[in-house]
Amino acid sequence: MADILYTYKNQVYANITNRCDCSCVFCIRSHQDGVGESENLWHEKDPDLEEIKKAMDEFNFTEYGELVYCGYGEPTCAIETLIASAAYAKERYGIKVRLNTNGLANLYHGRDVVPELAQVVDSVSISLNAPTAEKYQQVTRPAFENAFSGMLAFATLAKDAFGQTQFTAVDVLSPEELKACQELADEMGIRLRIRKFT
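Be aware that the sequence shown starts at 48, since it is given in my numbering, and climbs by one per residue.
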């Protein structure tokens with residue numbers, strides 16, 4: 048059975064779905080089955096709310112101040128479960144919630160879901176991953192042709208809706224591309240964090 052909660056580098060993560068609307072060239076799930084203390088993050092089927100709540104109740108949150116929704120799928124593809132379980136975690140354990148996302152939720156659901164997420168999510172980290180639409184398509188291989196503009200539009204909404212919003216990019220990009228990512232993030236007034244490819 049796949050892990051619903053797992054720890055990595057002193058943080059706790061919620062792995063609530065394996066569905067994803069991208070197929071990033073650097074995605075860790077393409078070459079290993081688990082991360083950190085988890086040996087298996089591949090669900091036979093997505094866990095339901097009760098299974099996630101049970102995993103939370105069996106986990107000791109004492110040493111953790113934040114629960115990060117990030118696993119072997121895009122958390123917003125299971126948005127109802129995400130919102131309900133995050134609300135449960137905040138109410139029962141008083142923990143902050145961070146969402147690591149590709150920023151394509153509004154395209155995936157065909158509506159603006161940011162207000163719904165903002166009810167339970169304290170901070171959001173959005174995968175920028177490229178400075179241009181053309182490079183973004185090559186690197187993330189998304190399900191949508193307008194994914195880059197959709198992701199930037201989501202980020203603009205997120206900047207005003209969440210306590211903290213940041214972009215991330217993976218250091219598989221060239222120094223020139225990372226510089227262009229930084230310039231784009233600066234232009235939008237959103238912090239950029241460069242992630243190491245592991």
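Glycine included, C-beta positions come from ideal geometry on N, C-alpha and C.
Note on geometry: alpha-carbon atoms of residue 165 and residue 222 lie some 34 Å from one another.
Within the model, the alpha-carbon separation for residue 84 versus residue 114 is close to 16 Å. Of 65, 162 and 127, the smallest CA-CA separation from residue 117 is found for 65. Within 10 angstroms of the beta-carbon of residue 236 lie fewer than 16 other beta-carbons, which makes it exposed. Note on geometry: alpha-carbon atoms of residue 155 and residue 68 lie some 8 Å from one another. Residue 242 has its alpha-carbon roughly 22 Å from the corresponding atom of residue 200. In the DSSP assignment, residue 242 falls outside any alpha helix (DSSP H) and within the unbroken beta strand (DSSP E) covering 238-242. Of the candidates 186, 105, 112 and 107, the residue whose Cα lies closest to the Cα of residue 143 is 112.
Contact between the stretch 129-136 and the stretch 94-114 is present: three or more C-beta pairs spanning the two stretches fall below 8 Å. DSSP, reduced to helix, strand and coil, places residue 57 outside both helices and strands of the structure shown, so it counts as coil. In its chain, beyond the 5 residues on either side, 213 have a beta carbon closer than 6 Å to the beta carbon of residue 238.
Going by beta carbons, residue 187 and residue 160 fall outside the 8 Å limit. Note that the C-beta distance between residue 176 and residue 183 is below 8 Å. Between the alpha carbons of residue 51 and residue 204 lies a distance of about 29 Å.
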